[in-house]
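Engineer: In this text, residue positions in the sequence shown follow my numbering: the first is 27, and each later residue adds one.
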Amino acid sequence: MAFDPPEEIERFHAAINALDFPAIEGYFAEDATYVSNGVGSLSGRPEIMAAFRRYFDDYPDQTAENSLVERLTPLSGRAVWSLRATHSRTGKPLVREGEETITFNEDGRITRVEVTDYQEF
27 MAFDPPEEIE
37 RFHAAINALD
47 FPAIEGYFAE
57 DATYVSNGVG
67 SLSGRPEIMA
77 AFRRYFDDYP
87 DQTAENSLVE
97 RLTPLSGRAV
107 WSLRATHSRT
117 GKPLVREGEE
127 TITFNEDGRI
137 TRVEVTDYQE
147 F
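#1: Look up Pro-86 in the DSSP assignment and say whether it is helix, strand or coil.
#2: Within a Cβ cutoff of 8 Å, which residues of the same chain sit near Arg-79, ignoring the five residues on either side of it in sequence?
#3: Hey, out of Ile-42, Val-141 and Arg-135, whose CA is closest to Gln-88's CA?
#4: For Thr-59, which beta-bridge partners are listed by DSSP?
#5: Locate the alpha helix (DSSP H) running through Ala-105, then write down its first and last residues.
#6: Spatial neighbours of Ser-69 within its chain, please: C-beta separation below 7 Å, excluding the five flanking residues on both sides.
#7: Since Glu-125 contacts Ala-111 with CB under 8 Å, what's their CB separation in whole angstroms?
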(Lines of atoms letter the chains of each structure in order from A and count residues from 1; the text may use other names and numbers.)
(Lines give C-alpha, C1' and ligand atoms only; values in the text may rest on other atoms or scores of the structure.)
Protein backbone atom coordinates (compact mmCIF):
# COMPACT_ATOMS: atom_id res chain seq x y z
CA MET A 1 0.00 0.00 0.00
CA ALA A 2 1.38 3.40 -0.99
CA PHE A 3 2.15 6.00 1.67
CA ASP A 4 -0.63 8.58 1.92
CA PRO A 5 0.48 11.89 3.50
CA PRO A 6 -3.07 13.23 4.06
CA GLU A 7 -4.06 10.01 5.84
CA GLU A 8 -0.97 10.16 8.07
CA ILE A 9 -1.58 13.84 8.82
CA GLU A 10 -5.14 13.02 9.91
CA ARG A 11 -3.82 10.25 12.18
CA PHE A 12 -1.13 12.55 13.60
CA HIS A 13 -3.70 15.25 14.33
CA ALA A 14 -6.00 12.69 15.95
CA ALA A 15 -3.14 11.75 18.30
CA ILE A 16 -2.64 15.43 19.13
CA ASN A 17 -6.37 15.93 19.79
CA ALA A 18 -6.31 12.90 22.09
CA LEU A 19 -3.16 14.21 23.84
CA ASP A 20 -1.63 10.80 23.14
CA PHE A 21 1.97 11.80 23.78
CA PRO A 22 3.50 8.35 23.07
CA ALA A 23 1.77 8.31 19.67
CA ILE A 24 2.78 11.92 18.95
CA GLU A 25 6.39 11.13 19.83
CA GLY A 26 6.32 8.05 17.61
CA TYR A 27 5.48 10.17 14.60
CA PHE A 28 8.64 12.27 14.78
CA ALA A 29 12.01 11.25 13.35
CA GLU A 30 14.84 11.68 15.86
CA ASP A 31 16.24 14.68 13.94
CA ALA A 32 12.91 16.33 13.07
CA THR A 33 12.40 20.08 12.99
CA TYR A 34 9.25 21.95 14.00
CA VAL A 35 8.62 25.63 13.40
CA SER A 36 5.50 27.24 14.88
CA ASN A 37 4.38 30.38 16.70
CA GLY A 38 2.83 28.06 19.27
CA VAL A 39 6.00 26.16 20.22
CA GLY A 40 8.83 28.07 18.52
CA SER A 41 11.63 26.77 16.30
CA LEU A 42 12.63 23.33 17.52
CA SER A 43 15.19 20.70 16.53
CA GLY A 44 15.06 17.04 17.47
CA ARG A 45 12.35 14.81 18.86
CA PRO A 46 13.17 15.46 22.56
CA GLU A 47 12.97 19.25 22.15
CA ILE A 48 9.77 18.99 20.11
CA MET A 49 8.09 16.74 22.67
CA ALA A 50 9.12 18.96 25.60
CA ALA A 51 7.54 21.93 23.82
CA PHE A 52 4.37 19.96 23.03
CA ARG A 53 4.04 19.03 26.70
CA ARG A 54 4.53 22.66 27.83
CA TYR A 55 2.01 23.89 25.26
CA PHE A 56 -0.62 21.35 26.34
CA ASP A 57 0.03 22.06 30.02
CA ASP A 58 -1.06 25.60 29.14
CA TYR A 59 -3.91 24.55 26.80
CA PRO A 60 -5.16 21.10 27.89
CA ASP A 61 -8.69 21.67 26.55
CA GLN A 62 -7.64 22.44 22.98
CA THR A 63 -10.02 21.30 20.28
CA ALA A 64 -8.81 21.43 16.69
CA GLU A 65 -10.20 20.47 13.34
CA ASN A 66 -8.97 20.38 9.77
CA SER A 67 -10.90 22.03 6.98
CA LEU A 68 -8.51 20.70 4.32
CA VAL A 69 -5.78 18.07 4.17
CA GLU A 70 -4.02 17.59 0.86
CA ARG A 71 -1.02 15.82 -0.67
CA LEU A 72 1.79 18.08 -1.86
CA THR A 73 4.35 15.42 -2.80
CA PRO A 74 4.57 11.66 -2.22
CA LEU A 75 6.10 12.41 1.21
CA SER A 76 4.44 15.69 2.23
CA GLY A 77 1.08 17.26 2.77
CA ARG A 78 -0.64 20.40 3.94
CA ALA A 79 -3.41 20.83 6.49
CA VAL A 80 -5.57 23.91 7.02
CA TRP A 81 -6.88 23.95 10.58
CA SER A 82 -8.56 25.95 13.30
CA LEU A 83 -8.43 25.52 17.05
CA ARG A 84 -9.88 26.82 20.27
CA ALA A 85 -8.45 26.49 23.75
CA THR A 86 -8.38 28.14 27.16
CA HIS A 87 -5.19 28.93 29.03
CA SER A 88 -5.10 26.70 32.12
CA ARG A 89 -3.85 29.39 34.50
CA THR A 90 -5.18 32.68 33.11
CA GLY A 91 -8.48 31.47 31.65
CA LYS A 92 -7.75 33.51 28.51
CA PRO A 93 -9.31 32.00 25.37
CA LEU A 94 -7.11 31.15 22.41
CA VAL A 95 -8.43 31.00 18.86
CA ARG A 96 -6.04 30.13 16.05
CA GLU A 97 -6.39 29.44 12.36
CA GLY A 98 -3.59 28.44 10.08
CA GLU A 99 -1.93 25.80 8.02
CA GLU A 100 0.98 23.46 8.29
CA THR A 101 3.16 21.64 5.85
CA ILE A 102 4.35 18.26 7.10
CA THR A 103 7.19 16.34 5.46
CA PHE A 104 7.77 12.65 6.12
CA ASN A 105 10.75 10.40 5.49
CA GLU A 106 10.58 7.07 3.66
CA ASP A 107 9.79 5.34 6.98
CA GLY A 108 6.67 7.49 7.49
CA ARG A 109 8.23 9.57 10.29
CA ILE A 110 7.83 13.33 10.34
CA THR A 111 11.04 15.15 9.47
CA ARG A 112 9.70 18.72 9.31
CA VAL A 113 6.60 20.65 10.34
CA GLU A 114 6.14 24.26 9.28
CA VAL A 115 3.17 26.02 10.85
CA THR A 116 1.80 29.32 9.56
CA ASP A 117 -0.77 31.14 11.67
CA TYR A 118 -3.13 33.33 9.68
CA GLN A 119 -3.08 35.98 12.41
CA GLU A 120 -0.93 36.72 15.44
CA PHE A 121 -2.01 35.19 18.72
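Beta carbons are placed, not taken as given, at the ideal position from N, Cα and C, and that holds for glycine.
Model, not experiment: these values are computed from the prediction.
Structural biologist: The short version:
#1: coil
#2: Phe-47
#3: Of the listed residues, the one whose Cα sits closest to Gln-88 is Ile-42.
#4: Answer is Ser-69 and Arg-138.
#5: Per DSSP, Ala-105 belongs to no alpha helix (DSSP H); it is in the beta strand (DSSP E), 102-112.
#6: Thr-59
#7: At roughly 18 Å, the Cβ-Cβ gap does not stay under 8 Å, so Glu-125 and Ala-111 are not in contact.
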